[in-house]
């Protein structure tokens, strides 16, 4: 299916574990983004990528790692999950008219 | 740091009423977008405004970009329950990155 898909939709993990959130887009958009959404903070940019093998930090990058070996995939890894990383994570790609978002991953760190 | 403040944060109205949501900043933006987000989904782009003073209409929704390109408003006429959701404004930060406001959560009661 065309679009942007995120997996998993829901994830519960323990403090200290590594977890990877997946993002896949079918349009070959150059720009991709990871945001986290928390009550009172809105959407905050974690990392973004302008093309394969080009990534850069956003507002809140600490504790996260990204990679982009292929244009269509942009995984986000939490190296050692903390409770403060409990959030809803959205991946987006930028097309001609604006962002298209995935449906999000709700991550709970216990 | 560019910030976008939205007001009100929460709004609960009866079906058929009119409402206005505001998005304000001390920064100038080259363009501004409005998104609507429904529970469990990612934000969906409604409109992009690029010219100071620009007004765009999307059925019962009217979007205005301030003359100085620092603020925007969203007016809904005769609100319907289907308008319920989180409304987010986003200002262009550079050529490909957007900064999001904290959102206005709208509930329209039947």
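Protein chains in written order, with our numbering: chain V, 1 to 110; chain X, 111 to 220. Heads up, the beta-carbon is just placed ideally off N, CA and C, and yes, glycines get one too. Only a predicted model underlies this, so the values are computations on that prediction, with no experimental measurement involved.
Asked, Found
"Does the region 74-83 of chain V come within contact of the region 135-153 of chain X, defined as at least 3 CB pairs closer than 8 Å?", "no"
"Starting from residue 94 of chain V, find everything on chain X with Cβ-Cβ shorter than 7 Å and list it in chain order.", "206"
"Evaluate residue 110 of chain V with the Cβ neighbour count: other Cβ atoms within 10 Å of its Cβ, from every protein chain shown; 16 or more gives buried, anything less gives exposed.", "exposed"
"Comparing alpha-carbon positions, which option in V/102, V/106, V/107 lies nearest residue 32 of chain V?", "V/102"
"Using the DSSP secondary-structure output, state which residues sit across from residue 18 of chain V in a beta bridge.", "The partner list for residue 18 of chain V (beta bridge, DSSP) is empty, contrary to what the question assumes."
"Hey, how far is the Cα of residue 200 of chain X from the Cα of residue 13 of chain V?", "31 Å"
"If I measure Cβ to Cβ from residue 52 of chain V and keep anything under 8 Å in the same chain, skipping five residues before and after, which residues do I get?", "68, 69, 70, 71"
"Thinking just about the alpha-carbon of each residue, which of V/84, V/29, V/105, V/81 is nearest to the one in residue 96 of chain V?", "V/29"
"Expressed to the nearest angstrom, what Euclidean distance is found between the alpha-carbon atoms of residue 9 of chain V and residue 138 of chain X?", "36 Å"
"Against chain X, with Cβ distances strictly below 7 Å, would residue 74 of chain V count as a contact?", "no"
"Please identify, using Cβ separations under 8 Å, the residues of the region 19-42 of chain V that lie next to chain X, in order along the chain.", "31, 33, 35, 40, 41, 42"
"Along the region 41-56 of chain V, what residues have a CB closer than 9 Å to any CB found in chain X?", "41, 42, 43, 44, 45, 48, 50"
"Rounded to whole angstroms, what is the Cα-Cα separation between residue 181 of chain X and residue 17 of chain V?", "42 Å"
"How many angstroms separate the CA atom of residue 42 of chain V from the CA atom of residue 113 of chain X?", "11 Å"
"For a contact meaning CB atoms closer than 7 Å, what does residue 153 of chain X contact in chain V?", "101"
"Using 7 Å as the limit for Cβ to Cβ distance, is residue 173 of chain X near chain V?", "no"
"Which whole-angstrom value is the C-beta distance of residue 176 of chain X and residue 162 of chain X, which I expect to be below 8 Å?", "7 Å"
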